[in-house]
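A short worksheet on the structure shown next.
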Amino acid sequence: MKSAPFEHYEPTTTNEATSLLESLDDPTILAGGQSLVPMLRFRLANPDVVVDINGIDSLDYLREEDGYLKLGALARHADVEDSDLIDERYGSFADTAPLVADPQIRNRGTVAGSVAQADPKGDWGSVLLAHEGEIVAEGPDGERVIPADEFFLLPYDTTLGEDELITEVRIPTPEPREGSAYHKLKRKTGDYAMAGVGARLVLDDDGRIETAGIGMTAVDITNAQATDAEQHLEGERPSADLFETAGELAAEASNPESDEHGGADYKERMVDVLAQRALGDAAERAGAVRRKVTQ
Amino acid sequence: MTDETEITLTVNGTEHTVEVEPRRLLVHAIREDLDLTGTHIGCDTGNCGACTVLKDGEPIKSCLMFATQADGAEILTVEGMEDLPAADDDLHPLQEGFREEHGLQCGYCTPGMLMAGKALLDENPEPEEDEIREAISGNLCRCTGYQNIVRSIEYAADELDARAATDGGAVAAADGERSADAGGEADTFCGLEDCCGGPDASGGDHAGDQFEREYLGGEET
């Protein structure tokens, strides 16, 4: 099916885009379009005005700067997948990118767009939550920085203002002893997550967990943080027993719904397993030694 | 601005100027404005991949972007395959592979599979089976069970590789998207595993999950 007709603007600077968002009536922002275009075609979205930001070259970046890993609004999933910087320093991002949809969609879809879409089955929101990430938005009053844990409200609903444009998503650059990982369960390549867990661990000089972050995908009405599990981890030494309890706490914090892919009980159990795996990888990447002991 | 805008698309090497509505999908511009109906539409959701084309060398789903977004871009569709140098005025080795290895039954998904295969071989001339499966993971086939499609792409990789060995890389290097340097280096003779476009080393192996694990924080490996 065709989209309903819409007015179409192609700004080439952020300023031009934000003035358009301010002056136009209820505009919809088009970035990668891999969710929006099907929604337009099914007429689940019927905007009168579409502002296509793909011409704003200054938003096409992925770099470390001022203590952050910054992804401009036009950084595509494939940019993350192909980045040496990501491979070397950002385990959770390197894990996540190749698990998003399929190669064609990763060439077009953007990380920031996926976050803005706020589908509870989207992967990047969980990764941002695990990393204490931030969303940078530009609006009529200038720049606003929104912590990831204050961004997601409901499925497809966020605290982003209607006249605001996400220009960047970012996470702090890694501490000396930091590791992160993302694990996702899906029925087949290209599917959304049945469940997913992102984990970040920062170890202190003594090898204890200084900071823990856990974000969960597809098991609540938004990407969700497993706060109890995080608190349980902090101050402790990484161990299989510790992660087992953290996995249980993450499962308790999750709130999945039964659907054709599995019952709520099953999904909770999967959160437990995925959390343990993600924490295990994160600990190893943070420099903790993983010793395998046969039972 | 719902009016038609003029865009320029270079499709299979030929520049076209077309007037499109903002809501016109790239796939409709290709099929209906340019009459290149080799690019198929198999779904409305972006799942099936039958509409895959290469935009500036990268595989994309042409039903998931508007034609205006491809203004100024170079597009390769299945119709352009036989004009590529590697086709040698006949079928492209990928097309030949699909014929030889029975890579299609109804043929509906084939144009998309060919384009996904082309993108893969441009990047990675000697793919492993799992890399081929990953490269076509955005393309659905309801006939073959994929087995023969994988073999077809392997056939093309072997064929291109054999020619590169014979011609010192001339054919491969002339195929457009690959740089002359990459083709000239003749990956066959590199002699190093995982070099020359080989798979990235990946972590996250969970083969050990049947074991109990311990983590000893604070000790350097």
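Which chain is which? The protein sequence lines are H and B, in order.
Going by the working numbering, the letters in the first sequence line up with residues 1 to 295, in that order.
Going by the working numbering, the letters in the second sequence line up with residues 296 to 516, in that order.
All residues carry an ideal CB built from backbone N, CA and C; glycine is no exception.
Checklist entry - Does residue 60 of chain H get closer than 8 Å to chain B when you measure Cβ to Cβ? => result So no, residue 60 of chain H is outside the interface.
Next on the checklist: Short of 9 Å Cβ to Cβ, which residues in the stretch 110 to 139 of chain H face chain B?
Outcome noted: none
Checklist entry - Are any of the Cβ atoms in chain H nearer than 8 Å to that of residue 476 of chain B? => result Summary for residue 476 of chain B: the model assigns pLDDT 41, below 50, so the residue's position carries little reliability, and this model does not support an answer.
Item to check | Validate contact between the stretch 16 to 35 of chain H and the stretch 156 to 171 of chain H using beta carbons, cut 8 Å, 3 pairs | outcome: Touching, yes, given that three or more Cβ pairs across the two stretches are closer than 8 Å.
Checklist entry - Which value, in whole angstroms, describes the spacing of the CA atoms of residue 4 of chain H and residue 29 of chain H? => result 16 Å
Checklist entry - Residues in its own chain within less than 7 Å of residue 354 of chain B by CB, not counting five upstream and five downstream? => result 347, 410, 411, 414
Checklist entry - For the 8 Å Cβ check, are there 3 or more pairs between the stretch 312 to 330 of chain B and the stretch 377 to 387 of chain B? => result no
Item to check | Segment contact, 8 Å Cβ cut-off, at least three pairs: the stretch 142 to 162 of chain H with the stretch 76 to 94 of chain H | outcome: no
Checklist entry - Which residues of chain H have a Cβ atom closer than 9 Å to the Cβ of residue 339 of chain B, listed in chain order? => result 1, 38, 41, 42
Item to check | DSSP beta-bridge partners of residue 200 of chain H | outcome: H/180, H/213
Checklist entry - Identify the residues that DSSP records as bridge partners of residue 363 of chain B: which are they? => result According to DSSP, residue 363 of chain B bridges with nothing at all.
Checklist entry - Does the distance from the C-beta atom of residue 80 of chain H to that of residue 115 of chain H stay below 8 Å? => result no
Next on the checklist: Once the 5 residues before and after residue 201 of chain H are set aside, which same chain residues still bring their CB inside 6 Å of it?
Outcome noted: 179, 209, 212, 282, 283, 286
Checklist entry - Just to confirm, are residue 404 of chain B and residue 359 of chain B a CB contact at a threshold of 8 Å? => result no
Item to check | For residue 139 of chain H: DSSP bridge partner residues | outcome: Per DSSP, the beta-bridge partners of residue 139 of chain H are H/142.
Checklist entry - Given 8 Å as the limit, is there contact between the stretch 238 to 252 of chain H and the stretch 269 to 278 of chain H, that is, 3 or more CB pairs closer than that? => result A contact exists between the stretch 238 to 252 of chain H and the stretch 269 to 278 of chain H.
Checklist entry - Apart from the five residues just before and just after residue 76 of chain H, which ones in its own chain have a Cβ nearer than 7 Å to its Cβ? => result 32, 106, 107, 108, 109, 110
Item to check | chain B residues whose Cβ lies nearer than 8 Å to that of residue 93 of chain H | outcome: Result: empty, since nearest Cβ-Cβ is about 13 Å, beyond 8 Å.
Checklist entry - Going along the chain, which residues of the stretch 420 to 433 of chain B sit with their C-beta nearer than 9 Å to a C-beta in chain H? => result 428, 429, 430, 431, 432, 433
Checklist entry - Of the choices H/138, H/242, H/175, H/221, whose alpha-carbon is the least far from that of residue 13 of chain H? => result H/138
Next on the checklist: Under 8 Å, with one C-beta from each stretch per pair, do the stretch 451 to 461 of chain B and the stretch 380 to 393 of chain B reach the 3-pair mark?
Outcome noted: yes
Next on the checklist: Could you check whether the Cβ of residue 494 of chain B sits closer than 8 Å to any Cβ belonging to chain H?
Outcome noted: Low confidence applies here, because residue 494 of chain B scores a pLDDT of 36, under 50, leaving its location unreliable and the question unanswered by this model.
Item to check | Close-in-space but distant-in-sequence residues of the same chain around residue 396 of chain B (CB under 7 Å, 5 per side omitted) | outcome: 443, 446, 447, 450
Checklist entry - In chain order, which continuous runs of the alpha helix (DSSP H) of length 4 or greater are located wholly inside the stretch 375 to 442 of chain B? => result 388 to 395, 405 to 418, 424 to 430
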